[in-house]
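*Asks:* Heads up: the sequence shown runs through residues 3 to 450, numbered per the numbering used here. Cβ atoms here follow ideal geometry from the backbone N, Cα and C, with glycine treated the same way.
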Amino acid sequence: MERALLVAARLKRSRDEQLAWQIQDSLDELAQLAWTADVEVVGRATQQLDRINPSTFIGKGKLEELQDLREDLDYNVVIFDDELSPRQQRELEKALGDSVKLLDRTALILDIFARHAHTREGALQVELAQYQYRLPRLTRAWTHLARQAGGAAGRGGTGGVGLRGPGETQLEVDQRAIRRRIAHLRRELEDVRAHRRQHRQRRQREAIPVVALVGYTNAGKSTLLNALAGSNVLVEDKLFATLDPTTRRVEVPGGRAVLFTDTVGFIQKLPTMLVAAFRATLEEINEADLLLHVVDITHPRALQQSLTVGEILSDLGATGRPIIVALNKTDRLPDPDGVALRLAEFPNSLAISALEGRGLLELLERVNRVLEASMIPVTVRIPYGEARLLALFHQRGNVEREEHGPQGVLVQGRIPAALVGRFQHLVQEKPHCDAVVRHGSPGDASRK
């Protein structure tokens, strides 16, 4: 395994004693990322600064300390806990020497994503993010990059990099090859997005509710999906163990079919380019009827992780929909009585253990109640010749009253908002569509 020295720096915004703990917490997470990438951590270095050095990120004295630690720790990789600018990366590579590989948090996460992307969509998304990261960081030392990019482009059907033009440097050829590859990947991803849009429209026509599992990486979303659906999604105690989205059909109490979709886990300082590249996948969150936020309640920074998830959801525009918070891994809590205290910290939450199956029935009942609260009350008269609509009402809605008459079946009940248009010509009383407007803030419905 490669041997890594982790480096973090923070600004002296205050003399808060918790600052050092915040640095160490972030480095703990960076160490877990390194372990996921099969890198052994042999040391850490931290520094508090009045301002970040625009050339080397850390101060001159700290950089000399890193050089001195080389002999003691025998490291061959240095990983910074923040994203380095192209200039900082170049200057640090010069200072540390050719025998030391330099990575920042973004590059490490990209490497992990590349290892765990198994579908065509996931591979395309990761490759796009990698090239977007590399482009501004190209130097003349990247002598083989054009050939590598050209081979990848050739496999993608865009041809080789072409001949070098008059007066062009190798760096310019490399940059042009990468830009061409980026354009090709974006076109392919747009095709994937169109295909996913068709699937989503088909689901909407069937009016099957969608619950999106969101949460910090390694919170136990895949374990929960397996427990709810009896499936076999990969479960591993590593960050970003599962990357590609997975959807499973689950029957909730009352017999309703619901689609549960597992999405990529979040993390603090999630690279912007990754969020952009995975937007096609993350659209599943925006289209969901309900968000199920899974929290690892045993993590010492569980509340901070929850806030990070909330910030990313806000950035994605995935606000204004109901949210249920599932406090997972309660089987690992040393004091079971502490669950009540943790529930008070998280509004609209319930305690579960996906591994042992505790609390899952209550969770499904809560999901069913929230989905029912978002349905629209209608009264329709369905002609006997449109028996399929009657079956659809029974299958996707809740029938409260049904009367058979000479002109058809009078049905009173509630249906998903997506189905209102299908029954509009049969409505006897105007549906209360304004309920959709009132049903807005996260968690409102689940408290009804």
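Using CA coordinates, which residue listed in E358, V369 and A346 is at the minimum distance from R323?
*Replies:* Here residue 323 is taken as the residue at index 321 of the sequence shown, counted from 1. Nearest of E358, V369 and A346 to R323, Cα basis: V369.
*Asks:* Under a Cβ-count criterion, where at least 16 other Cβ atoms within 10 Å of its own Cβ denotes burial, should E286 be classed as buried or exposed?
*Replies:* Along the sequence shown, read from residue 1 onward, the residue named residue 286 stands at position 284. Buried.
*Asks:* For H186, which three-state DSSP category applies?
*Replies:* For the purposes of this step, residue 186 is identified with residue 184 of the sequence shown, where counting begins at 1. Note: H186 maps to helix in three-state DSSP.
*Asks:* Following the continuous alpha helix (DSSP H) through F82, name the residue where it begins and the one where it ends.
*Replies:* Reading the sequence shown from its first residue, position 80 is the one you call residue 82. Note, F82: premise wrong, no alpha helix (DSSP H); beta strand (DSSP E) at V79 to F82.
*Asks:* Beta-carbon within less than 8 Å of Q69's beta-carbon, same chain only, minus the 5 sequence neighbours each way: which residues are those?
*Replies:* The sequence position of residue 69 within the sequence shown is 67, counting from 1. Answer for Q69: A97 and L98, listed in chain order.
*Asks:* Report yes if the C-beta distance between L345 and L363 is below 8 Å; otherwise report no.
*Replies:* As a first step, residue 345 must be located in the sequence shown, where it is residue number 343. As a first step, residue 363 must be located in the sequence shown, where it is residue number 361. No.
*Asks:* If you draw a straight line from the alpha carbon of L293 to that of T332, how long is it in whole angstroms?
*Replies:* Residue 293 sits at position 291 when you count from the first residue of the sequence shown. Residue 332 sits at position 330 when you count from the first residue of the sequence shown. Going by the C-alpha atoms only, they are around 20 Å apart.
*Asks:* Grab me the residues of E4's own chain with a C-beta within less than 8 Å of its C-beta, minus the 5 sequence neighbours each way, in chain order.
*Replies:* Position 2 of the sequence shown, counted from the first residue, corresponds to residue 4. Answer for E4: D40, V41, E42, N78, V79 and K103, listed in chain order.
*Asks:* Below 8 Å between beta carbons: does that hold for Q127 and A119?
*Replies:* Within the sequence shown, numbered from 1, the residue matching residue 127 stands at position 125. Within the sequence shown, numbered from 1, the residue matching residue 119 stands at position 117. Contact: yes.
*Asks:* Can you say whether A259 is buried or exposed, counting buried as having 16 or more other CB atoms within 10 angstroms of its CB?
*Replies:* Taking the sequence shown and counting its residues from 1, one reaches residue 259 at position 257. Exposed, since its Cβ has fewer than 16 Cβ neighbours within 10 Å.
*Asks:* Cβ atoms of A11 and T48: under 8 Å apart, would you say?
*Replies:* Here residue 48 corresponds to residue number 46 of the sequence shown, with the count starting at 1. Here residue 11 corresponds to residue number 9 of the sequence shown, with the count starting at 1. Yes, these two residues count as a Cβ contact at 8 Å.
*Asks:* In angstroms with no decimal places, state the Cα-to-Cα distance between Q430 and I417.
*Replies:* Indexing the sequence shown from 1 puts residue 430 at position 428. Indexing the sequence shown from 1 puts residue 417 at position 415. Spanning the two alpha carbons is a distance of roughly 14 Å.
*Asks:* Alpha carbon to alpha carbon, what distance is there between L35 and L8?
*Replies:* Translated into the one-based positions of the sequence shown, residue 8 becomes position 6. Translated into the one-based positions of the sequence shown, residue 35 becomes position 33. Approximately 11 Å, taken between the alpha carbons.
*Asks:* In terms of residues, what are the limits of the beta strand (DSSP E) holding K103?
*Replies:* In the sequence shown, counting from the first residue as 1, residue 103 sits at position 101. Element bounds for K103: K103 to D106.
*Asks:* Could you check whether I384 and V413 sit closer than 8 Å to each other, using their CB atoms as the reference points?
*Replies:* Counted from its first residue, the sequence shown places residue 413 at position 411. Counted from its first residue, the sequence shown places residue 384 at position 382. In this structure, I384 lies closer than 8 Å to V413 by Cβ.
*Asks:* Taking contact to mean 3 or more Cβ pairs, one atom from each stretch, closer than 8 Å, check whether the stretch 225-232 and the stretch 248-267 are in contact.
*Replies:* Contact between the stretch 225-232 and the stretch 248-267 is present, because at least three Cβ pairs lie under 8 Å.
*Asks:* Who are the near neighbours of V252 in its chain, counting only those whose CB is closer than 6 Å to its CB and skipping five residues on each side?
*Replies:* Residue mapping note: residue 252 aligns to position 250 of the sequence shown, counting from 1. Counting only Cβ-Cβ distances below 6 Å, and skipping sequence neighbours, we find L230, A231, V260 and F262.
*Asks:* Tell me the DSSP secondary structure of I325 in three-state form.
*Replies:* Counted from its first residue, the sequence shown places residue 325 at position 323. Strand at I325.
*Asks:* Determine which residues share a DSSP beta bridge with I384 and list them.
*Replies:* In the sequence shown, residue 384 corresponds to position 382, counting from 1. I384 pairs with V411.
*Asks:* Can you tell me the Cα-Cα spacing of A185 and L140, whole angstroms?
*Replies:* Along the sequence shown, read from residue 1 onward, the residue named residue 185 stands at position 183. Along the sequence shown, read from residue 1 onward, the residue named residue 140 stands at position 138. Distance between the alpha carbons of A185 and L140: 18 Å.
*Asks:* Can you tell me the Cα-Cα spacing of L394 and E190, whole angstroms?
*Replies:* Counting from 1 along the sequence shown, the entry for residue 394 is found at position 392. Counting from 1 along the sequence shown, the entry for residue 190 is found at position 188. Rounded to whole angstroms, L394 to E190 spans 36 Å at the Cα level.
*Asks:* Considering only C-alpha positions, which residue in the set R72, Q177, P379 and L105 is nearest to L137?
*Replies:* Walking along the sequence shown from the start, residue 137 turns up at place 135. The shortest C-alpha separation from L137 is found at Q177.
*Asks:* Which residues does DSSP list as the beta-bridge partners of Q49?
*Replies:* Here the question's residue 49 lines up with position 47 in the sequence shown. According to DSSP, which records beta bridges pairwise, Q49 is partnered with A11.
*Asks:* Go to L126, then tell me how far its alpha helix (DSSP H) extends in each direction, as first and last residue.
*Replies:* Translated into positions along the sequence shown, residue 126 becomes position 124. Taken as a continuous stretch (DSSP letters only), the alpha helix (DSSP H) holding L126 covers R122 to R136.
*Asks:* Suppose the cutoff is 7 Å on Cβ atoms and the five residues either side in sequence are ignored; what does the same chain contact list for D27 look like?
*Replies:* The count along the sequence shown starts at 1 and reaches residue 27 at position 25. So the list reads R303, once near-sequence residues are dropped.
*Asks:* Whole angstroms are fine: how far does the CA of Q172 sit from the CA of Q24?
*Replies:* Residue numbering aside, residue 24 sits at position 22 when the sequence shown is read from its first letter. Residue numbering aside, residue 172 sits at position 170 when the sequence shown is read from its first letter. The straight-line gap from Cα to Cα measures roughly 43 Å.
*Asks:* Find the nearest neighbour of R92 within the set V372, T321, D291 and P56, judged by alpha-carbon distance.
*Replies:* One-based indexing of the sequence shown puts residue 92 at position 90. Out of V372, T321, D291 and P56, P56 has the C-alpha closest to the C-alpha of R92.
*Asks:* So what does DSSP say about G232, is it helix, strand or coil?
*Replies:* By one-based count along the sequence shown, residue 232 stands at place 230. DSSP places G232 in coil when its eight states are reduced to three.
*Asks:* Which residues does DSSP pair with T249 in a beta bridge?
*Replies:* One-based indexing of the sequence shown puts residue 249 at position 247. T249 pairs with T263.
*Asks:* So if DSSP puts P379 in a beta bridge, which residue, or which two residues, is it bridged to?
*Replies:* Along the sequence shown, read from residue 1 onward, the residue named residue 379 stands at position 377. Paired residue(s): R416.
*Asks:* Please name the residue in T225, A221 and E129 whose C-alpha comes closest to that of R182.
*Replies:* For the purposes of this step, residue 182 is identified with residue 180 of the sequence shown, where counting begins at 1. Nearest C-alpha to R182: E129.
*Asks:* Quick check: what's the CA-CA separation for L272 versus R250?
*Replies:* Working through the sequence shown from its first residue, we reach residue 272 at position 270. Working through the sequence shown from its first residue, we reach residue 250 at position 248. Looking at the two C-alpha atoms, the distance is approximately 26 Å.
*Asks:* Can you tell me whether Q426 is buried or exposed, with buried defined as 16 or more other CB within 10 angstroms of its CB?
*Replies:* The residue given as residue 426 occupies position 424 in the sequence shown. Q426 is exposed by the Cβ-count criterion.
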